[in-house]
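Below is one structure, written out as structure tokens, with a few remarks after it.
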Amino acid sequence: MFETVQYDCLTCKARGCSMLECCGEDVLVAISSNKLPKKLSKGEQLFAEGDLKQGISFIKKGFLKVELNGKVGRPLILRIAGRGAIFGHRITPKHMYYPYTATAVSNVEYCYIPYEQFDKIAENNTALHQQFVTQFLDELEMAEKRALNLSHKSVRGKVADALLLLARAYEYKEGSGGFRTVFCRQEIGDLAGTTKEQVSKVLKDFENEGIVKCTGKHFNYLNLKALQSE
Numbered sequence: 003m004f005e006t007v008q009y010d011c012l013t014c015k016a017r018g019c020s021m022l023e024c025c026g027e028d029v030l031v032a033i034s035s036n037k038l039p040k041k042l043s044k045g046e047q048l049f050a051e052g053d054l055k056q057g058i059s060f061i062k063k064g065f066l067k068v069e070l071n072g073k074v075g076r077p078l079i080l081r082i083a084g085r086g087a088i089f090g091h092r093i094t095p096k097h098m099y100y101p102y103t104a105t106a107v108s109n110v111e112y113c114y115i116p117y118e119q120f121d122k123i124a125e126n127n128t129a130l131h132q133q134f135v136t137q138f139l140d141e142l143e144m145a146e147k148r149a150l151n152l153s154h155k156s157v158r159g160k161v162a163d164a165l166l167l168l169a170r171a172y173e174y175k176e177g178s179g180g181f182r183t184v185f186c187r188q189e190i191g192d193l194a195g196t197t198k199e200q201v202s203k204v205l206k207d208f209e210n211e212g213i214v215k216c217t218g219k220h221f222n223y224l225n226l227k228a229l230q231s232e
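The numbering of the sequence shown is our numbering, which starts it at 3 and goes up by one.
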């Protein structure tokens with residue numbers, strides 16, 4: 003169920019990892035005055051494939067899986083959206099509808115601003131508009147690279163890519179002590195385009211080679227360089 007909370011863009015910790023980092027105080031005050039802070043519970047959808055885009059959503063806390071229904075109804079997780087992620091890009095009329103579904107895999111806190119208000123703010127701020135377009139193009143490039151990797155990489159390489167996506171979502175840095183993910187082996191398999199059994203096998207191989215150290219959902223260590231070379 004949607005629940006209203008209250009956030010201030012000027013003091014929001016998520017601002018540093020989103021396109022709002024480039025905004026001046028006047029823009030942040032304007033966004034704060036017009037946004038609608040909300041919450042999602044685990045399992046709820048932010049939107050579904052085919053839904054009309056009506057505004058911008060800024061993720062403050064928590065994680066969502068962005069997915070499509072693949073062959074024989076099996077989902078394919080396209081990416082993980084965490085703190086700083088943005089939904090609702092509307093660059094051309096072609097992009098008026100969501101081509102995928104975003105589902106909360108943990109409790110999520112986010113801020114929503116309708117297009118009518120956001121467009122008024124953006125039209126007077128060139129830096130914000132440019133950052134918006136740049137982020138859209140960056141995400142498009144990442145999606146193209148991911149599609150290529152899923153088509154051509156081995157199972158081992160696909161699992162390595164999935165772990166790198168997790169590391170990025172959890173802002174992991176080597177020596178940081180690791181992270182505990184909300185994603186189960188099946189969801190990591192959906193992220194890698196493979197099965198949970200293959201994920202478990204590859205993780206065991208990575209552990210034996212010292213590339214990964216994990217216990218259940220807790221990843222204590224990831225050798226990012228080694229994973230990138232897979």
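Note that beta-carbon positions come from the ideal geometry of N, C-alpha and C, so glycine has one too.
Where residue i sits in the DSSP three-state scheme
i, result
"G179", "coil"
"F211", "The sequence as given places Glu at residue 211; Phe does not occur at that position. The answer is coil: DSSP assigns E211 none of H, G, I, E or B."
"V31", "helix"
"F221", "strand"
"V110", "strand"
"S231", "coil"
Neighbourhood of residue i by C-beta, 7 Å cutoff - its chain only, sequence neighbours within 5 removed
i, result
"V204", "V157, R158 and V161"
"K215", "E209, N222 and Y223"
"Q47", "T103, A104 and T105"
"A169", "L224 and L226"
Contact set for residue i: own chain, Cβ-Cβ below 8 Å, skip 5 residues either direction
i, result
"I79", "K67, V68, E69, E189, D192 and L193"
Same chain, Cβ closer than 6 Å to residue i, five either side skipped, listed in chain order
i, result
"I58", "G90, I115 and F120"
"N225", "I213"
"D53", "Y100"
Alpha carbon of residue i to alpha carbon of residue j, nearest angstrom
i, j, result
"E199", "K206", "11 Å"
"N210", "I61", "36 Å"
"A149", "E232", "16 Å"
"Y99", "E27", "31 Å"
"N36", "A171", "28 Å"
"S108", "F49", "15 Å"
"D163", "K175", "16 Å"
"G180", "L165", "12 Å"
"R147", "E125", "Per the sequence shown, the amino acid found at residue 147 is Lys instead of Arg. Using only the alpha carbons, I get a separation of about 31 Å."
"D10", "V31", "8 Å"
"P77", "A104", "12 Å"
"Q235", "S178", "In the structure as shown, the chain starts at 3 and stops at 232, and residue 235 therefore has no counterpart that could be examined."
"V184", "G218", "10 Å"
"I123", "E23", "15 Å"
"N71", "I33", "34 Å"
"C186", "T197", "12 Å"
"D140", "F134", "10 Å"
Beta carbon of residue i nearer than 8 Å to that of residue j
i, j, result
"L142", "R81", "no"
"H154", "R182", "no"
"N127", "V201", "no"
"V110", "K55", "no"
Nearest-angstrom beta carbon gap, residue j and residue i [assumed within contact, 8 Å]
i, j, result
"E173", "Y102", "23 Å between Cβ atoms; not a contact."
"L42", "A106", "4 Å"
"Y112", "K40", "6 Å"
"C25", "L130", "6 Å"
"G195", "L152", "5 Å"
"F65", "G84", "5 Å"
Interface flag, residue i vs chain D, CB-CB below 8 Å
i, result
"E143", "Structure shown: chain D not included; a single protein chain is present."
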